[in-house]
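Encoded as structure tokens, the structure appears first; notes follow it.
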Amino acid sequence: MSKKHLIQDVSTRWNATYAMLSNALEFKEVFVNYADQESTYKNLPSDEDWKKVEDVCSFLALFEETTKIISGSEYPTSNLFLSELFGIKEALDAVALDGSEYMKSMAIKMKTKFDKYWGDCNLLISIGAALDPRYKMKLIDFSFKAIYFDNEAPRQMQIVRDTLYLLFEDSGTNSGVAAPKSSFASLTRRLGRGLKTGTAKYDQHIRSVDSFTASKSELDTYLEDGVYIGEPGADFDALAWWKENNLKFRILSKMAADILAIPVTTVASESAFSAGGKVIDPHRCSLGRNMVDMLICGADWYRHYYGLERKKNKKNEDIVTIELP
573 MSKKHLIQDV STRWNATYAM LSNALEFKEV FVNYADQEST YKNLPSDEDW KKVEDVCSFL
633 ALFEETTKII SGSEYPTSNL FLSELFGIKE ALDAVALDGS EYMKSMAIKM KTKFDKYWGD
693 CNLLISIGAA LDPRYKMKLI DFSFKAIYFD NEAPRQMQIV RDTLYLLFED SGTNSGVAAP
753 KSSFASLTRR LGRGLKTGTA KYDQHIRSVD SFTASKSELD TYLEDGVYIG EPGADFDALA
813 WWKENNLKFR ILSKMAADIL AIPVTTVASE SAFSAGGKVI DPHRCSLGRN MVDMLICGAD
873 WYRHYYGLER KKNKKNEDIV TIELP
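Given below as structure tokens:
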């Protein structure tokens, strides 16, 4: 009996593969009944084949769920990417090491692409995660140990931390909010260099014994506070949290709003082309890429603002038709 292969139109569209196989599993008994009724049908999958399909679907379900989470357009996504990404990395590593032979072959190829495209730290998704009060730097420390080798993870963590502080300093400078100067500095300017008050002498003493503690910045306070722990499964809006805490974090809240407003556009390729087809009709074929982006984003924002839902086709889009030979 010849060896069977799963043939894909495009080998990198794993979400399409998942949709096809998961639907086939639902109609598993249909294949058996069809084989009983049709003598020319010679490609009935064996129990071993169905077991492989189940294993592949269990593995690809993680990618399907992650795609749905990070490809949304009506909520912030830059803060959600890292938490999903390191889960994929761990799954790829586990299957590549301990999976069956056919799963290993698939996982190793996917892992190679993952490592290639990830490369160095992606600062946008790392800073976005750090500005989510549920994660802060704790998620960076936790996830980077899974994504990088042991000797590389600390260096990448430090890059994220340093960049976060540089952004905060730049945001503070541009916002026009200056750090308050100490009363001691103001006092010495008014009284002159030769005169020292009791406050000045005490301040000098504290500095001399190296026990002077500098005032904390908003970023220090934010990172040192415990992470926000909500109800399991409850929706959380990071931008709403920053809006509620903008008086406590005047500079940091503005910085968070700017960064979290940047979406992560990891939409499945076929979904992107489907959306493009609805926008770029024969009368709009000369539109530039920027104009298409604005039309798609503008339509999403308009629907969200007025609480509208996307129009659905008369046929159920979730149903995938499988033609049997």
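Taking my numbering, I'd label the letters of the sequence shown as residues 573 to 897. Built from N, CA and C at the ideal position, the CB exists for glycine as well. Fair warning: this is a prediction, and the values are worked out from it, not measured in the lab.
| Check | Outcome |
| --- | --- |
| Whether L519 touches E626 by CB criterion (8 Å) | Nothing can be reported for residue 519, as the shown portion of the chain is limited to 573 through 897. |
| Cβ contact check for the segment 712–723 and the segment 690–704: 3 or more pairs under 8 Å | yes |
| Of the listed residues G879, V602, V604 and E796, nearest to L702 (C-alpha basis) | The sequence as given places Ala at residue 702; Leu does not occur at that position. That would be E796, whose Cα lies nearest to the Cα of A702. |
| Endpoints, the alpha helix (DSSP H) within which G870 is located | R861 to Y877 |
| Nearest-angstrom beta carbon gap, A668 and K676 [assumed within contact, 8 Å] | 6 Å |
| 6 Å CB neighbourhood of P835 in its chain, flanking five on each side removed | T649 |
| Check whether P705 and Y647 have beta carbons under 8 Å apart | no |
| Within the segment 785–840, ranges of the alpha helix (DSSP H) (whole runs, at least 4 residues) | 790–796, 810–816 and 822–832 |
| Integer Cβ distance of K826 from S743, believed to fall under 8 Å | 6 Å |
| Beta-carbon contacts of T893 that lie in its chain and below 8 Å, excluding the five residues immediately before and after | Caution applies to T893, whose pLDDT of 44 falls short of 50 and renders its modelled position unreliable; the value that the coordinates give is listed next. Correct list: empty, nothing qualifies. |
| L859 and L832 closer than 8 Å at C-beta | no |
| Opening and closing residue of the alpha helix (DSSP H) in which L880 lies | Run containing L880: none; DSSP gives neither H nor E here. |
| Nearest candidate by alpha-carbon position, reference D809, set I868, A828, G870 and M678 | A828 |
| Among E816, T735 and G805, nearest to L791 - alpha-carbon criterion | T735 |
| With 16 other Cβ atoms within 10 Å as the buried cut-off, status of V604 | exposed |
| Separation of T684 from M592, as counted between CA atoms | 24 Å |
| Cβ neighbours of Y874 in the same chain (closer than 8 Å, five flanking residues each side left out) | L880 |
| G717 - containing alpha helix (DSSP H), residue span | Per the sequence shown, residue 717 should be read as Lys rather than Gly. Start and end: K708 to I719. |
| 8 Å Cβ cutoff met for Y707 and S655 | yes |
| Burial state of Y590 (16 or more Cβ within 10 Å) | buried |
| Buried or exposed (CB count within 10 angstroms, at least 16 for buried), F658 | buried |
| Delimiting residues of the alpha helix (DSSP H) encompassing F653 | F653 to D670 |
| Contacts around L824, its chain only, beta-carbon distance under 7 Å, and the 5 residues preceding and following it disregarded | F740, E790, L791 and Y794 |
| Segment limits, alpha helix (DSSP H) that includes S618 | Premise fails: S618 is in no alpha helix (DSSP H) and is neither H nor E. |
| I641 versus D621 - alpha carbon distance | 30 Å |
| Contact set for C629: own chain, Cβ-Cβ below 7 Å, skip 5 residues either direction | Y590, L593, S594 and L597 |
| Reduced DSSP category for T612 - H, G, I as helix; E, B as strand; rest coil | coil |
| V602, buried or exposed, once every other Cβ within 10 Å from all chains shown has been counted against 16 | exposed |
| Close Cβ partners of W813 (< 8 Å) along its chain, the five nearest in sequence each way excluded | P705 and Y800 |
| Alpha carbon of A679 to alpha carbon of D807, nearest angstrom | 32 Å |
| Host alpha helix (DSSP H) of G700 (start-end) | L695 to A702 |
| Residue environment, T638, which counts as buried when at least 16 other CB atoms sit within 10 Å | buried |
| Simplified DSSP state of P726, which is helix, strand or coil | helix |
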